[in-house]
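Here is the structure we will look at.
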Amino acid sequence: MTTDKSIEEIAQEYISYMKILEQAGSFAVFLSDRFGHYYYVTEYIEPPQELNIENLVHPDDLEVVRRIDKKVWEFLDTLPEEEKLAYKYIYEMRVLDRGKYVRMIYQTRLLAFKDDNFLAMGMIDLAPEQSANTSVRFQIKNCLTDEVVPFTIETATDVLLTPREREILALAKEGMFSKEISEKLNISIHTVNRHRQNILEKLQVDNIIEAIR
Numbered sequence: 001m002t003t004d005k006s007i008e009e010i011a012q013e014y015i016s017y018m019k020i021l022e023q024a025g026s027f028a029v030f031l032s033d034r035f036g037h038y039y040y041v042t043e044y045i046e047p048p049q050e051l052n053i054e055n056l057v058h059p060d061d062l063e064v065v066r067r068i069d070k071k072v073w074e075f076l077d078t079l080p081e082e083e084k085l086a087y088k089y090i091y092e093m094r095v096l097d098r099g100k101y102v103r104m105i106y107q108t109r110l111l112a113f114k115d116d117n118f119l120a121m122g123m124i125d126l127a128p129e130q131s132a133n134t135s136v137r138f139q140i141k142n143c144l145t146d147e148v149v150p151f152t153i154e155t156a157t158d159v160l161l162t163p164r165e166r167e168i169l170a171l172a173k174e175g176m177f178s179k180e181i182s183e184k185l186n187i188s189i190h191t192v193n194r195h196r197q198n199i200l201e202k203l204q205v206d207n208i209i210e211a212i213r
């Protein structure tokens, strides 16, 4: 909603609700605005000034999260003003917690808009699955209808590689050698090998076997 009240005034109205919410479960909660100001944070989590997603998310997940955030704002731009507050955004990713990375579920929902600012509430909870090899998960859900919005996550590999490099990596994953790939794509073996070398450098691995894992 847009309103004549300031974001700070709206936040104060939500604080009592946030306290009730955090008492209902084991998760942490927070209220923040677009500019990183925290109006309420569960006491036992990090000081608000340290709740910077750039500092907390695992480096291997961060580029994917940035890409997701960009697409979220593109999605919001397609919505009428009255619908922008109907959705929540659910991330599952590796986050630094007391010196080690653990998988957390991070949910956020916009509560109000004011000029170029907004108020958002968030909940952070430990993910039930703690596999270190699981990629970032993300979901957009309509809070009114429970509808899940189709959303394709680009992996870190997708973000780093060009379309041709992704194509060559996919064929290598199928077991094709450079000569077979060159024939299938109608390009020279030299070009295939150059792309393979670029893939290794971008993914910071020593061989194509590591790249396709």
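187 is the number that full-length UniProt numbering gives to position 187 of the sequence shown; each next residue is one higher, with no gaps. Don't be surprised by glycine CBs; every beta carbon is placed ideally from N, CA and C. The structure displayed is predicted, hence computed values, not measured ones.
Taking 6 Å as the limit between beta carbons, can you name the residues of its chain near residue i, skipping five residues before and five after?
{"i": "residue 29", "result": "18, 21, 22, 42 and 123"}
{"i": "residue 115", "result": "none"}
{"i": "residue 142", "result": "86 and 87"}
{"i": "residue 153", "result": "138"}
{"i": "residue 39", "result": "11 and 31"}
{"i": "residue 171", "result": "181"}
{"i": "residue 107", "result": "88, 90 and 123"}
{"i": "residue 101", "result": "58 and 94"}
{"i": "residue 205", "result": "211"}
Check whether the Cβ atoms of residue i and residue j sit closer than 9 Å, and answer yes or no.
{"i": "residue 65", "j": "residue 136", "result": "yes"}
{"i": "residue 138", "j": "residue 187", "result": "no"}
{"i": "residue 173", "j": "residue 189", "result": "no"}
{"i": "residue 57", "j": "residue 93", "result": "yes"}
{"i": "residue 181", "j": "residue 168", "result": "yes"}
{"i": "residue 144", "j": "residue 203", "result": "no"}
{"i": "residue 72", "j": "residue 15", "result": "no"}
{"i": "residue 62", "j": "residue 74", "result": "no"}
{"i": "residue 7", "j": "residue 151", "result": "no"}
List the DSSP bridge partners of residue i.
{"i": "residue 97", "result": "100"}
{"i": "residue 32", "result": "38 and 120"}
{"i": "residue 126", "result": "104"}
{"i": "residue 109", "result": "88 and 121"}
{"i": "residue 137", "result": "92"}
{"i": "residue 57", "result": "95"}
{"i": "residue 179", "result": "Paired residue(s): none; residue 179 is not in a bridge."}
Here's a check: name, in chain order, each residue in its chain whose Cβ is nearer than 8 Å to the Cβ of residue i, leaving out the five neighbours to either side.
{"i": "residue 84", "result": "76, 110 and 113"}
{"i": "residue 201", "result": "none"}
{"i": "residue 52", "result": "36"}
{"i": "residue 184", "result": "171 and 176"}
Pop quiz: residue i and residue j are said to be a contact at Cβ under 8 Å. What is the actual Cβ separation, rounded to whole angstroms?
{"i": "residue 103", "j": "residue 130", "result": "5 Å"}
{"i": "residue 32", "j": "residue 120", "result": "6 Å"}
{"i": "residue 208", "j": "residue 196", "result": "6 Å"}
Should residue i be listed as close to the ligand COA, given that the test is whether its C-beta is under 8 Å from any heavy atom?
{"i": "residue 78", "result": "Questions concerning the ligand COA fall outside what the structure shown contains, since it holds no ligand whatsoever."}
Using a Cβ-Cβ cut-off of 7 Å (strictly less than) and excluding sequence neighbours within five positions of residue i, which residues of its own chain qualify?
{"i": "residue 27", "result": "123, 124 and 125"}
{"i": "residue 215", "result": "Only positions 1 to 213 of the chain appear in the structure, and residue 215 is not among them; the question remains open."}
{"i": "residue 164", "result": "195"}
Cβ pair count under 8 Å reaching 3, the stretch 102–115 against the stretch 7–17: yes
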